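Residue 1322 is where the sequence shown starts when you use the numbering used here, and the numbers rise one by one after that.
Quick reminder that beta carbons are idealized off the backbone N, C-alpha and C, glycines included.
Keep in mind it's a predicted model, so treat the numbers as computed, not measured.
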Amino acid sequence: MSEQTPERPETLLRPDPKLLELLVCPLTKTPLIYDREANELVSKAAKLAFPIRHGIPIMLVSEARELG
């Protein structure tokens, strides 16, 4: 039996840089900024941060974190 360990930023897969160039905010259609430290794609226009899990950007507004 194996225990699940929490994900650590240094063990997460990084997204493909070519993919990041193609992605835009699903709400505003503006470019996104990759935040390597938080492992998120940030839309300044929508004030949202989209998570990246296992190297895959999750581009659902319902999964995004609101920025202050």
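Beta-bridge pairing of residue i - partner residues as DSSP gives them
i, result
"P1372", "E1361"
"I1377", "R1374"
8 Å contact criterion, which residue i and residue j should meet: CB distance rounded
i, j, result
"R1386", "A1366", "R1386 to A1366, Cβ: 15 Å. No contact."
"P1352", "V1345", "6 Å"
"G1376", "L1334", "3 Å"
Residue range of the beta strand (DSSP E) that includes residue i
i, result
"I1354", "1354-1356"
Neighbourhood of residue i by C-beta, 8 Å cutoff - its chain only, sequence neighbours within 5 removed
i, result
"T1349", "S1364, A1366, A1367"
Contact test: residue i Cβ vs the ligand MG heavy atom, cutoff 7 Å
i, result
"L1362", "Ligands displayed in this structure: none; no statement on the ligand MG is therefore possible."
Cβ shell of residue i (< 6 Å), same chain only, five flanking positions each side left out
i, result
"L1343", "none"
"I1354", "V1363"
"I1373", "P1336, N1360"
Beta-carbon proximity check, residue i vs residue j, cutoff 8 Å
i, j, result
"V1382", "P1347", "yes"
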